[in-house]
Amino acid sequence: MEYDVVIIGGGPGGLTAGLYTARGDLKSLLIEKLMPGGQAATTDWIDNYPGFPEGIAGPQLMMSMKDQALRFGLELKTDEIVNIDPIEEGFIVVGQAEKYTAHAVIVASGATVAKLGVPGEESLRGKGVSYCATCDGAFFRNEELVVVGGGDAAVEEGLFLTKFAKKVHLVHRRDRLRATKAIQGRAFKNEKMDFIWNTIVEEILGDQEVEGVRLKNLKTGETRNLPCKGIFIYVGTLPNSKFLKGKVDMDEKGYILTDNNMATSLEGVFACGDVRKKALRQVVTACGEGAAAAFSAQQFVEEKKGIAYK
Ligand SMILES: Cc1cc2nc3c(=O)[nH]c(=O)nc-3n(C[C@H](O)[C@H](O)[C@H](O)COP(=O)(O)OP(=O)(O)OC[C@H]3O[C@@H](n4cnc5c(N)ncnc54)[C@H](O)[C@@H]3O)c2cc1C
């Protein structure tokens with residue numbers, strides 16, 4: 017086996033798992049298909065990760081997590097994992113570019129933002145349709161924007177967009193927000209925020225770029241067009257677990273089932289973070305589970321190698 021542990025995904029869960037396994041002297045490789053940092057690196061500001069009384073920029077927190085793990089010898093590679101094959105000694109982890117062998121695998125592949133699934137969303141992606149306010153917000157100075165969703169991410173990112181936009185119209189299918197009260201309080205106080213309740217986006221309008229959205233009020237059935245230059249979509253997430261279909265137990269949406277020690281149904285494969293079935297998907301929970309998955313993987317590898325575990 018080339019590695020004791022291969023970790024799939026370089027978000028907060030994977031980087032914490034890597035910090036723990038590398039620091040625990042396991043030969044550890046983390047494979048990330050994009051840049052390390054995960055979803056947390058796409059958010060402007062994180063206010064609820066302990067240890068930062070004033071909050072911290074998402075990219076900065078994630079670069080610090082990466083540097084901390086590298087300090088203990090975690091190896092990083094860029095590749096997209098497409099399969100895991102159990103073999104007698106462990107696992108072959110199959111990437112687009114290479115294959116890797118390991119005694120244990122930690123799946124920390126997280127989640128991806130869900131699509132609205134309306135006309136115009138695909139064709140106008142990158143031309144006003146975005147899923148990342150931090151990445152694209154600054155392109156829309158003094159413009160009218162629409163944000164879709166009512167959870168923490170939608171409201172938090174909507175607030176971020178008010179730094180640039182003339183107005184941010186938050187379109188939500190219900191008559192109240194799901195976001196935590198503190199975030200709601202800031203949003204209701206912000207004069208640039210406008211709330212459009214009981215309403216869905218039926219279509220994103222525009223030829224070469226976004227020119228507006230067609231809205232439908234779910235209570236009255238009325239439709240109307242709202243002109244805007246950009247639409248930011250935060251309507252939930254979907255697990256990045258397709259490459260494990262049929263290999264480990266999942267729920268109907270594809271979230272991986274684990275026990276309290278982060279063990280999946282396939283012995284030697286552990287999972288942590290947003291890809292797991294659980295109630296709270298946050299940086300702090302991904303990190304905690306990353307540490308727990310690493311501990312379990314370490315126990316598994318050392319028992320396998322015949323090293324007495326203290
Ligand atoms: C806009 C937004 C704002 C947020 N704000 C907050 C906040 O303020 N506070 C908070 O606590 N949480 C926040 N969250 C949630 C938080 O970012 C996530 O809970 C956390 O990042 C989950 O970490 P993770 O490591 O499980 O997965 P992710 O962060 O999703 O990382 C998974 C990584 O795995 C990689 N990957 C996926 N599949 C493969 C594969 N097949 N091969 C290789 N690599 C793969 C992905 O590229 C990604 O980098 C926010 C999320 C969003 C989208």
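Numbers in our numbering are just positions in the sequence shown, counted from 1, shifted up by 16.
Beta carbons are placed, not taken as given, at the ideal position from N, Cα and C, and that holds for glycine.
Item: Closer than 7 Å: Y65 CB and nearest ligand 1 heavy atom; Value: yes
Item: Boundaries of the alpha helix (DSSP H) in which E104 is found, first to last residue; Value: Neither: E104 is in no alpha helix (DSSP H) and is coded neither H nor E.
Item: V187 beta carbon less than 8 Å from that of L221; Value: no
Item: Own chain residues within Cβ distance below 6 Å of K49, not counting five before or after; Value: E96
Item: Among V285, G26, D223 and L234, the one whose alpha carbon lies nearest that of E138; Value: D223
Item: Nearest-angstrom Cβ-Cβ length linking K82 and L42, presumed shorter than 8 Å; Value: Between L42 and K82 the Cβ distance is about 18 Å, and since that is not below 8 Å, they are no contact.
Item: Rounded separation between G54 and A85 - CA only; Value: 15 Å
Item: L45 Cβ short of 7 Å to ligand 1 heavy atom set; Value: no
Item: Same chain, Cβ closer than 6 Å to A57, five either side skipped, listed in chain order; Value: G74, P75 and M78
Item: Complete alpha helix (DSSP H) runs within the segment 167–207 (minimum length 4 residues, chain order); Value: 168–177 and 197–205
Item: As assigned by DSSP and simplified to three states, the class of S312; Value: helix
Item: Cβ neighbours of K179 in the same chain (closer than 8 Å, five flanking residues each side left out); Value: G153
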